[in-house]
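As structure tokens, the structure follows; a few thoughts come after it.
Residue numbers (my numbering), protein chains in the order written: chain A, 86 to 463; chain B, 90 to 290.
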């Protein structure tokens with residue numbers, strides 16, 4: 086077995102792949118696409134050393150199907166893509182939500198729409214992460230802003246995916262995915278594994294959820310448990326239903342299994358929020374530019390603060406609101422035309438003036454650009 | 090070393106500028122003590138021939154913004170890269186140009202380019218035969234990036250940022266085939282020596 090514990094200098098994408106393997110991922114299915122390809126490369130190279138399998142499928146749709154199938158067979162699975170592939174994966178992503186299949190899906194964001202800008206950074210898929218696949222479902226999406234965080238959040242994503250039996254998204258971006266930093270690789274403790282059947286096969290009711298966790302036990306195909314997998318709304322037996330009570334029970338459980346654990350999922354980072362009069366809310370690579378701008382502002386006596394959502398879904402709304410004083414100005418720099426800014430507005434309930442700073446020229450914000458807006462009062 | 094020490098190596102896709110900066114980063118992360126480092130790059134969708142730049146930020150403190158703001162050291166291997174990137178050099182910084190592909194030095198003055206005026210770049214400027222050394226002396230143009238790295242390594246040594254031995258270790262670590270590692274070390278040493286012989290030093 087290859088050595089896990091070490092200090093390395095690598096790209097965010099590479100660290101993400103190593104994090105997945107450390108979390109117990111043993112299957113990758115996908116189709117290479119810039120700027121996510123290094124995830125596939127590392128998985129192809131490393132998985133066989135750990136007894137895992139890598140398969141390059143004919144397209145992104147098939148890649149998503151493959152990871153769902155492998156997960157049903159009992160493996161922890163991951164696929165990585167960028168915007169165009171993320172669009173193609175949405176249909177099967179919906180299947181994974183409905184059939185409650187744990188998978189981790191990585192979108193290393195580049196400029197869009199369509200083929201857009203393969204090698205340039207963007208954050209244009211953050212709303213697609215929430216609503217890209219049709220139908221209501223609880224979404225868990227992490228946004229890393231450093232190479233170390235790519236490693237850490239890959240592990241976290243698998244844990245949450247196994248715990249809640251559903252897809253978990255990692256919304257990385259071109260800058261974070263391709264930059265290299267020092268990273269500490271470690272063997273994670275207390276990995277979460279999906280709940281396996283606690284009853285013999287003849288007593289197994291596949292979608293009968295635990296009343297506390299609201300998550301059903303999951304048998305692997307081939308283990309001798311009968312289990313029907315469908316994208317149709319189904320009852321506890323896994324068979325399609327038109328019974329209003331059964332439909333409602335399933336739908337509400339899909340939402341509440343995540344919503345009721347929201348507090349343990351939500352992650353964020355802050356800097357100098359205690360006396361902040363101007364707050365910059367930024368995520369992913371933009372968080373790095375914003376933190377620098379806030380530091381520079383503090384140096385010249387401006388009371389600036391920094392709030393970085395690490396989960397964008399669920400959004401740390403009540404945490405942000407609790408730190409915002411009446412009359413504060415909030416600046417939301419995003420490398421898109423304004424997406425999470427709406428979530429920030431929703432979160433603060435009119436207590437603060439929220440301003441978007443949009444950049445869509447394929448570049449990352451320079452700290453000076455954000456600093457200038459802080460100085461102007463947003 | 091005070092604050093951020095920023096380096097950019099720029100040229101054309103295929104010249105290996107990304108690998109060169111990756112090795113600086115690796116040297117800093119694995120073979121130097123107490124250095125934070127971020128390496129990044131920007132390039133187009135084409136495999137070869139597009140403009141390509143790669144950057145390293147070094148600091149004794151944790152690094153927030155991962156890209157360069159005003160590089161203290163730039164190594165520039167093509168004319169389009171020179172025209173675009175030379176102007177944002179940190180005042181008093183250093184620019185190393187390749188003498189084969191960069192034929193018109195941006196903002197160059199006879200006094201060494203340190204005068205202040207709109208068209209003059211306030212930087213120590215060095216014009217070195219990087220590509221020619223790789224092509225003619227070593228016989229492999231593919232090692233252009235290692236000659237460039239050698240020149241950069243000499244500057245980093247003079248600026249007390251890192252030891253050239255850390256860079257040599259990174260080269261050996263990166264190129265696992267010994268023959269290839271030796272060739273790249275040879276190119277690095279030639280680049281390092283070029284700088285020593287520079288008339289401006």
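Glycine included, C-beta positions come from ideal geometry on N, C-alpha and C.
Same chain, Cβ closer than 7 Å to residue 112 of chain B, neighbours up to 5 away in sequence not counted: 238, 256, 259, 260 and 263
CA-CA distance, residue 414 of chain A and residue 423 of chain A? 17 Å
Here's the rule: buried if 16 or more other CB atoms are within 10 angstroms of the residue's CB, otherwise exposed. What is residue 337 of chain A? exposed
Going by the beta-carbon positions, is the gap between residue 93 of chain A and residue 268 of chain A smaller than 8 Å? yes
Is residue 243 of chain B closer than 8 Å to residue 174 of chain B when the C-beta atoms are compared? no
Tell me the rounded alpha-carbon separation between residue 120 of chain A and residue 428 of chain A. 27 Å
According to the neighbour-count rule (16 or more other Cβ atoms, all chains shown, within 10 Å of its Cβ), is residue 89 of chain A buried or exposed? exposed
Bridge partner(s) assigned by DSSP for residue 162 of chain A: Paired residues: A/112.
For residue 118 of chain A, which option in A/212, A/192 and A/416 has the closest C-alpha, if you only look at C-alpha atoms? A/192
Give me the chain A residues within the contact set of residue 126 of chain B, using Cβ-Cβ distance strictly less than 9 Å, ordered along the chain. 94, 265, 266 and 267
Quick one: is residue 420 of chain A near chain E, going by C-beta distance under 8 Å? Of the chains in the structure shown, none is chain E; the protein chains are A and B.
May I ask you to list, following chain order, the residues of the segment 369–380 of chain A that have a beta carbon less than 8 Å from some beta carbon of chain B? 370, 373, 374, 376, 377 and 380
According to the neighbour-count rule (16 or more other Cβ atoms, all chains shown, within 10 Å of its Cβ), is residue 348 of chain A buried or exposed? With fewer than 16 other Cβ atoms within 10 Å, it is exposed.
Please confirm if the segment 263–277 of chain A is in contact with the segment 135–151 of chain A, defined as three or more CB-CB distances below 8 Å between the two stretches. no
Less than 8 Å between CB atoms is the rule here; does residue 449 of chain A satisfy it with respect to chain B? Cβ-Cβ to chain B under 8 Å: yes for residue 449 of chain A.
State the start and end residues of the unbroken alpha helix (DSSP H) segment that holds residue 237 of chain A. Residue 237 of chain A: member of the alpha helix (DSSP H) spanning 232–249, first to last residue.
Residue burial classification, residue 397 of chain A (beta-carbon count within 10 angstroms, cutoff 16): buried
Given that a residue counts as buried once 16 or more other Cβ atoms are within 10 Å of its Cβ, and exposed if not, what is residue 91 of chain A? exposed
For the segment 427–460 of chain A, which residues have a beta carbon sitting closer than 8 Å to at least one beta carbon of chain B? Flagged, chain order: 449, 451, 452 and 453.
Coil, strand or helix - residue 438 of chain A by DSSP: strand
Is it true that the CB of residue 286 of chain A sits closer than 8 Å to the CB of residue 323 of chain A? no
If you scan the segment 104–156 of chain B from start to end, which runs of the beta strand (DSSP E) of 3 or more residues do you find wholly inside it? Secondary structure remark: continuous beta strand (DSSP E) runs of at least 3 residues inside the segment 104–156 of chain B, in chain order: 125–132 and 140–148.
Could you give the C-beta distance for residue 164 of chain A and residue 148 of chain A, rounded to a whole number, given that I count them as a contact under 8 Å? Confirmed, about 5 Å.
Per DSSP, what kind of secondary structure is residue 394 of chain A in: helix, strand or coil? strand
List, in order along the chain, the chain B residues whose C-beta lies closer than 7 Å to that of residue 204 of chain A? 132, 133 and 134
Can you find at least 3 beta carbon pairs, one from the segment 356–365 of chain A and one from the segment 181–198 of chain A, that sit closer than 8 Å? no
Backbone secondary structure at residue 329 of chain A - three-state DSSP: In this structure, residue 329 of chain A counts as helix in the three-state DSSP scheme.
Is the Cβ-Cβ distance between residue 255 of chain A and residue 238 of chain A less than 8 Å? yes
Give the DSSP bridge partners of residue 408 of chain A, in chain order. Looking at the DSSP assignment, residue 408 of chain A forms no beta bridge with any residue, so it has no partner.
Using Cβ-Cβ distances below 7 Å, what residues of the segment 113–125 of chain B are close to chain A? 114, 115, 118 and 119
Check the Cβ-Cβ distances between residue 417 of chain A and every residue of chain B, and say whether any is below 8 Å. no
For residue 206 of chain B, collect the residues of the same chain with a Cβ closer than 6 Å to its Cβ; drop the 5 residues on either side in sequence, then sort them by chain order. Low confidence applies here, because residue 206 of chain B scores a pLDDT of 48, under 50, leaving its location unreliable; read the following figure in that light. Once the five neighbours on either side are set aside, residue 206 of chain B has no close Cβ partner at all.
In chain B, which residues lie with their C-beta within 9 Å of the C-beta of residue 124 of chain A? In chain order: nothing, as chain B lies at least about 17 Å away.
Closer than 7 Å between beta carbons: that is the criterion. Which residues of the segment 134–157 of chain B meet it against chain A? 134, 153, 154, 155 and 156
In the segment 340–357 of chain A, which residues sit with their C-beta less than 9 Å from some C-beta in chain B, listed in chain order? none
Start-to-end residues for the alpha helix (DSSP H) that takes in residue 452 of chain A: 452–460
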